Amino acid sequence: MIFRSKDRRLKWLILLIPTLTIGLWEYIRHTFLLPYLSMDLGNFLAPFIVLVVTLTVVRGLFGRLEQSQQALQREKESNASLEERERLARELHDGISQSLFLLAVKLDQLDEQVVEGPVKPLAEGLRETVRVMHEDVRQAIANLKQPPSPAEAAWVAPMRELLGETAGIAEATAEFNWSIPEGSLTDKEKIELHACVREAIINVRKHAKASRVFVNGEKEGENGFRCTVEDDGVGFAADPLQAQGRFGLRIVRDRAQAMGWTFVAERRGSRTVVELRKLDKEGVYAR
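Each residue of the sequence shown is one higher than the one before, counting from 1 in the UniProt record's numbering.
Right, here's the structure in full:
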């Protein structure tokens, strides 16, 4: 609402200033300059005066109007993103989270009825799996309700902290190298890149059994970037995007494709690498 009111004032000023300039010039000319300027010279100077005012004052107003429009567009994008995250959080809570809770209750009942036999360890394993999944869903809901801020300190720092937590849990060493300029990414790109890196790190924590984990982010070209999450863990037994019951890397791939980024998950020597890349404006990778 504030942006719209400001835009209306700027538009009226842009429309009125040339007219007011001509009116003021004519008043000054006829009141003070008529003995010194001929009518023809005054008429000749009028369009140049309007041009000078347009190139200075009106041009500045156009710049402010453009900035206001960009700020309004960013606000709309941010609000749309927040609404979508809130919707996803509600769906996770009302759907998957509740179903996992009921499944955990039923597994507890099964565990109480089975005293011994091969079903006992199977039930305990299933219960632990459901517990971990339920915690993951609850964490996802919490993250959706508290989206990362576009500010660098608020969206890069959580990735560094999560990497440190992952290294602590896995008793691994971690390296975090980040040189992507904060101003080179849009707010939406920051949110999506944060989500992708976070999912890749969690995937390492769950499955890699790594002793070293690396997160690297670097700028490529004028508008591009390259971001990798690497580890020296067990790697992929097969195509990770086809593995049953594993959705982390598929989520990363889908997010990357939706943003127009490239996605690669592969084994490179002794390391498993998940790579996200954005092309620069020429459509080629920087070298």
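Even for Gly, the Cβ is constructed at its ideal location relative to N, Cα and C.
Small disclaimer: the values here were computed from a predicted structure and weren't measured.
>> Under 8 Å: do the stretch 209–219 and the stretch 254–266 share three or more Cβ pairs, one atom per stretch?
In response: no
> Taking C-beta to C-beta, are Gly217 and Arg226 nearer than 9 Å?
Replying inline: yes
>> Looking at Ile49: is its Cβ nearer than 9 Å to the Cβ of Thr21?
In response: yes
> With DSSP run on the structure shown, which of helix, strand or coil describes Phe44?
Replying inline: helix
>> From the DSSP secondary-structure annotation, give me the bridge partner or partners of Gly217.
In response: Trp178 and Cys227
> Roughly how many whole angstroms lie between the Cα atoms of Phe62 and Val52?
Replying inline: 15 Å
> Going by beta carbon distance, what residues of the same chain come within less than 7 Å of Thr54, once the five residues before and after it are set aside?
Replying inline: Pro18
>> Quick check on Val234: does DSSP put it in helix, strand or coil?
In response: coil
>> Can you tell me whether Thr228 is buried or exposed? The criterion is at least 16 other CB atoms within 10 Å of its CB, across all chains shown.
In response: buried
> Looking at C-beta atoms only, is the number of pairs between the stretch 266–283 and the stretch 170–181 that lie closer than 8 Å three or more?
Replying inline: no
>> In the DSSP output, which residue or residues are listed as bridge partners for Arg59?
In response: Arg59 is not bridged to any residue.
> Can you name, in chain order, every residue of its own chain whose Cβ lies under 8 Å from the Cβ of Ile14, other than the five neighbours on each side?
Replying inline: Val58, Leu61, Phe62 and Leu65
> Going by Cα to Cα distance, which pick from Glu266, Ala71 and Leu88 is closest to Asp7?
Replying inline: Ala71
>> Closest to Phe101 by C-alpha separation, out of Arg131, Glu199 and Ile141, would be which residue?
In response: Arg131
> What first and last residue would you give for the beta strand (DSSP E) that runs through Glu222?
Replying inline: Taken as a continuous stretch (DSSP letters only), Glu222 belongs to no beta strand (DSSP E), as it is neither H nor E.
> Just how far apart, CA to CA, sit Asp231 and Ala265?
Replying inline: 12 Å
>> Comparing C-alpha positions only, which one of Val197, Gly235 and Leu45 sits nearest to Glu275?
In response: Val197
> Taking the C-alpha atoms as reference points, what is the distance between Val252 and Glu199?
Replying inline: 7 Å
>> Report the CB separation of Leu279 from Gly224 in whole angstroms; it is logged as a contact under 8 Å.
In response: 5 Å
>> So, with DSSP's three-state summary, where would you put Leu276?
In response: strand
> How many angstroms separate the CA atom of Gln109 from the CA atom of Lys120?
Replying inline: 12 Å
> Cβ atoms of Ala104 and Arg127: under 9 Å apart, would you say?
Replying inline: yes
> With which residues is Ala265 paired in a DSSP beta bridge?
Replying inline: Val274
> Out of Ile201, Glu222 and Ala195, which has the shortest C-alpha to C-alpha gap to Asp254?
Replying inline: Ala195
> Excluding the five sequence neighbours on either side, which residues of its own chain have a C-beta within less than 8 Å of the C-beta of Ala153, listed in chain order?
Replying inline: Residue placement at Ala153 is flagged as unreliable, the pLDDT there being 44, under the threshold of 50; the coordinate-derived value follows with that caveat. Same-chain partners within the cutoff: there are none.
> Is there at least one non-hydrogen atom of the ligand ATP closer than 8 Å to the beta-carbon of Val264?
Replying inline: Among the components of this structure there are no ligands whatsoever, and the ligand ATP is therefore not found.
> What separation, rounded to the nearest whole angstrom, lies between the Cα atoms of Gly221 and Met133?
Replying inline: 40 Å
> Leaving out the 5 sequence neighbours to the left and right, which residues in its chain are closer than 7 Å to Asn203 when beta-carbon positions are compared?
Replying inline: Gly248 and Leu249
>> Nearest by alpha-carbon distance to Gly164: which of Leu107, Glu189, Asp187 and Ile201 is it?
In response: Ile201
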